[in-house]
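Enquirer:
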Amino acid sequence: MSAIDASAKINLSKANVLLIDGSQHSLDVMAQIMKGFGVAEIHRCASIEEADKNVRGKALDLIIVDPDIGDGAGYEFLHALRHSGGSANAFVPVILVSGHVRAADVARARDTGANFFVAKPLTPSVLLQRIMFVARDKRDFVEIGEYIGPNRRFKFEGPPVGSDGRRDNDMKAPLGGADEPNLSQNEIDNFIKPQRVMI
Amino acid sequence: MTIVRKFTPDVRLEKMLAEPGGVSVARALERATGNLETIRETCVAAIDAKVEQMAMLAQSQGQGRLDAIYRVSNQVFGEAGTFGLAELSVAAHSLCSLLSTADQAKVPLAAISVHLDAMRLLRRPEIVGDAAARGAVLAGLRGMTKRLVAQI
């Protein structure tokens, strides 16, 4: 993921962010980072029960959750959130922040419906990069079997070699080679060169 | 046949980020880093307390104590790294790896004690400035964890 432009502006002054972590000190860390980013409302939850209450009572813009809270209850919380149908927060961007992940939890983390994963230890720059990524993420949400969440395919590189593909927008016929010579650099430059226009 | 439903939820966050006003990324990062400094002392003291909490758990006979040590060690891993205690974070990660082996009950108590002693050692002033000694402590832990994980 590319670094962020330091001069770019961000405005989180109206954002409503829910932080969920079993450790009060991790919550302090996340809350101080969010405060630095100018987040308007920060809700801190050290248990899934508190988090459930917040999800029901407020329209949220971002949830950051450590899934290891209460022995993996964070995964169940997110699964239930994505399946909460008409709820205002069902499809809100969710970032999972996790420390050490047990091998058994890797597939669970992938299938739980989060928008992105951030490995602890947290730093402000990594967290801001991920927040900007999830905000601008153009992936569709998909519902397939038990999974509801962002499409887990980040890249689309066309149908497999030798197959026509199954999507409507898969190109069925080969494109073939170019039938004209490539443009020269001068011709390309002329397309983007500012020109004086006489009216 | 599997049915796939696709939809595009409305993400308010994108529009908010781009609204007029706000702060530059550089300023936001500077403020966040400054805010973390205000809680450094409290958090570092809490990390030290968590190492002692793990030592007490290791001495106890309670059921689920190994899971409890895993959880506390995972917290130390995450929190120590944020405050620049990288080696302590690595030691805590090594303990988590050891305690997440398939048969947790076979993890020798002595291996947990070695990790906790290493964490205490890494916090002592005389070793804080000695990169070689810190590296040796971590290399020892890595070797022991690798050997035990392969055996268990």
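Heads up: the protein sequence lines correspond to chains U and Y, in order.
Numbering-wise (the working numbering), the first sequence opens with residue 121 and increments by one.
Numbering-wise (the working numbering), the second sequence opens with residue 1217 and increments by one.
Glycine included, C-beta positions come from ideal geometry on N, C-alpha and C.
Remember, predicted model here, so these are calculated numbers, not experimental data.
1) E1295/Y and S146/U look like a contact to me (Cβ under 8 Å); what is the Cβ gap, rounded to whole Å?
2) Under 6 Å Cβ to Cβ from L132/U, same chain only, skipping five residues before and after it: list those, please.
3) Please confirm if P279/U has its CB atom under 8 Å from at least one CB of chain Y.
4) With distances taken between CB atoms, is the gap from I153/U to P213/U smaller than 8 Å?
5) Under 8 Å, do A1274/Y and L1332/Y count as touching if we go by C-beta distance?
6) Assuming R228/U and G269/U are in contact, meaning their beta carbons sit under 8 Å apart, how far apart are those beta carbons, in whole angstroms?
7) Could you work out which residues of chain Y lie near H203/U, taking near to mean beta carbons separated by less than 7 Å?
8) Are the Cβ atoms of C1312/Y and H199/U separated by less than 8 Å?
9) So, M1335/Y versus A1308/Y, is the Cβ gap smaller than 8 Å?
10) So which residues of chain Y does S143/U contact, with C-beta pairs closer than 8 Å?
11) Cα separation between C1259/Y and I264/U?
12) Any C-beta of chain U sitting closer than 8 Å to the C-beta of R1363/Y?
13) Measure from the C-beta of H1331/Y to each C-beta in chain U and report whether the shortest distance is under 8 Å.
14) Going by DSSP, what residues sit across from S218/U in a beta bridge?
15) Determine the DSSP secondary structure at H203/U, reduced to helix, strand or coil.
16) For chain Y, check one thing: does any of its Cβ atoms lie closer than 8 Å to the Cβ of H220/U?
17) Between which residues of its own chain and Q1291/Y is the CB-CB distance below 7 Å, once the five residues before and five after are set aside?
18) Tell me which residues share the same chain as R1363/Y and place their Cβ nearer than 6 Å to its Cβ, disregarding the 5 neighbours each side in the sequence.
19) What are the uninterrupted segments assigned as alpha helix (DSSP H) that are 4 or more residues long and contained completely in the region 164-203 of chain U, given in chain order?
20) So, is F1223/Y buried or exposed, given that buried needs 16 or more other C-beta atoms within 10 angstroms?
21) Alpha carbons only, please: which of L1314/Y, D1283/Y and A1271/Y is nearest the one belonging to G1359/Y?
22) State yes or no: is the beta carbon of D181/U nearer than 8 Å to at least one beta carbon in chain Y?
23) So A128/U contacts chain Y; which residues on that side make the cut at Cβ distance below 8 Å?
24) For N306/U and A298/U, what's the separation of their Cα atoms in angstroms?
25) Are the beta-carbon atoms belonging to D186/U and D141/U less than 8 Å from one another?
26) So is F236/U in contact with chain Y if we call contact Cβ pairs under 8 Å?
27) Within 8 Å, do at least three Cβ pairs link the region 124-139 of chain U to the region 1241-1254 of chain Y?
28) Which residues bound the beta strand (DSSP E) around F1223/Y?
29) Exposed or buried, which one is K240/U when buried takes at least 16 other CB atoms within 10 Å?
30) Looking at the secondary structure, which residues open and close the beta strand (DSSP E) in which F261/U lies?
31) Assuming R272/U and R230/U are in contact, meaning their beta carbons sit under 8 Å apart, how far apart are those beta carbons, in whole angstroms?
32) Mind listing, in chain order, the continuous alpha helix (DSSP H) runs of no fewer than 4 residues lying wholly within the region 1243-1313 of chain Y?
33) Can you tell me which of I183/U, G282/U and E169/U puts its alpha carbon nearest to the alpha carbon of L138/U?
Expert: The relevant details are as follows:
1) Mapped onto the second sequence, residue 1295/Y falls at position 79. Mapped onto the first sequence, residue 146/U falls at position 26. The pair is a contact, with the Cβ atoms about 6 Å apart (cut-off 8 Å).
2) Within the first sequence, the letter at position 12 stands for residue 132/U. Answer for L132/U: F157, G158 and V159, listed in chain order.
3) Locating residue 279/U in the first sequence gives position 159, counting from the first residue. No, its Cβ sits nowhere closer than 8 Å to a Cβ of chain Y.
4) Within the first sequence, the letter at position 33 stands for residue 153/U. Within the first sequence, the letter at position 93 stands for residue 213/U. Not closer than 8 Å, so no.
5) Counting from one through the second sequence, the residue named residue 1274/Y turns up at place 58. Counting from one through the second sequence, the residue named residue 1332/Y turns up at place 116. In this structure, L1332/Y lies closer than 8 Å to A1274/Y by Cβ.
6) Position 108 of the first sequence, counting from 1, holds the residue named residue 228/U. Position 149 of the first sequence, counting from 1, holds the residue named residue 269/U. Incorrect: roughly 13 Å between the Cβ atoms, too far for contact.
7) The count along the first sequence starts at 1 and reaches residue 203/U at position 83. Per Cβ cutoff of 7 Å: no residues; H203/U is ~13 Å from chain Y at best.
8) On the second sequence, residue 1312/Y is found 96 positions in, with the first residue counted as 1. On the first sequence, residue 199/U is found 79 positions in, with the first residue counted as 1. No, Cβ-Cβ distance for C1312/Y and H199/U is not below 8 Å.
9) Taking the second sequence and counting its residues from 1, one reaches residue 1335/Y at position 119. Taking the second sequence and counting its residues from 1, one reaches residue 1308/Y at position 92. Cβ distance < 8 Å, so M1335/Y and A1308/Y count as in contact.
10) Numbered from 1 along the first sequence, position 23 holds the residue referred to as residue 143/U. Neighbours of S143/U on chain Y, chain order: Q1291, G1294 and E1295.
11) Translated into positions along the second sequence, residue 1259/Y becomes position 43. Translated into positions along the first sequence, residue 264/U becomes position 144. Distance between the alpha carbons of C1259/Y and I264/U is about 42 Å.
12) Taking the second sequence and counting its residues from 1, one reaches residue 1363/Y at position 147. Cβ-Cβ to chain U under 8 Å: no for R1363/Y.
13) On the second sequence, residue 1331/Y is found 115 positions in, with the first residue counted as 1. Not closer than 8 Å to any Cβ of chain U, the Cβ of H1331/Y fails to qualify, so no.
14) Taking the first sequence and counting its residues from 1, the one referred to as residue 218/U is at position 98. In DSSP, S218/U forms a bridge with A239/U.
15) One-based indexing of the first sequence puts residue 203/U at position 83. H203/U: coil per DSSP, three-state reduction.
16) On the first sequence, residue 220/U is found 100 positions in, with the first residue counted as 1. So yes, H220/U belongs to the interface.
17) By one-based count along the second sequence, residue 1291/Y stands at place 75. For Q1291/Y, the CB contacts under 7 Å within the same chain, skipping 5 residues up- and downstream, are K1266 in chain order.
18) Translated into the one-based positions of the second sequence, residue 1363/Y becomes position 147. For R1363/Y, where only same-chain residues beyond five positions count, there are no Cβ hits under 6 Å.
19) 168-177 and 193-202
20) Mapped onto the second sequence, residue 1223/Y falls at position 7. By the 10 Å Cβ count, F1223/Y comes out exposed.
21) On the second sequence, residue 1359/Y is found 143 positions in, with the first residue counted as 1. Taking only the C-alpha atoms, the option nearest G1359/Y is L1314/Y.
22) On the first sequence, position 61 is the one that residue 181/U refers to. Yes, D181/U counts as interfacial toward chain Y.
23) Position 8 of the first sequence, counting from 1, holds the residue named residue 128/U. Within 8 Å Cβ-Cβ: S1240 and V1241.
24) Working through the first sequence from its first residue, we reach residue 306/U at position 186. Working through the first sequence from its first residue, we reach residue 298/U at position 178. Distance between the alpha carbons of N306/U and A298/U: 19 Å.
25) Position 66 of the first sequence, counted from the start, is the residue given in the question as residue 186/U. Position 21 of the first sequence, counted from the start, is the residue given in the question as residue 141/U. Going by C-beta atoms, D186/U is nearer than 8 Å to D141/U.
26) Residue numbering aside, residue 236/U sits at position 116 when the first sequence is read from its first letter. No, no contact with chain Y.
27) yes
28) Numbered from its first residue, the second sequence carries residue 1223/Y at position 7. Unbroken beta strand (DSSP E) run through F1223/Y: V1220 to F1223.
29) For the purposes of this step, residue 240/U is taken as the residue at position 120 of the first sequence. So K240/U counts as buried.
30) Numbered from 1 along the first sequence, position 141 holds the residue referred to as residue 261/U. It spans F261 to I264 - the beta strand (DSSP E) in which F261/U sits, taken as one unbroken run.
31) The residue you call residue 272/U lines up with position 152 of the first sequence. The residue you call residue 230/U lines up with position 110 of the first sequence. Indeed, because the Cβ distance is near 7 Å, the residues count as touching under 8 Å.
32) 1281-1298
33) For the purposes of this step, residue 138/U is taken as the residue at position 18 of the first sequence. L138/U has its Cα closest to that of I183/U, out of I183/U, G282/U and E169/U.
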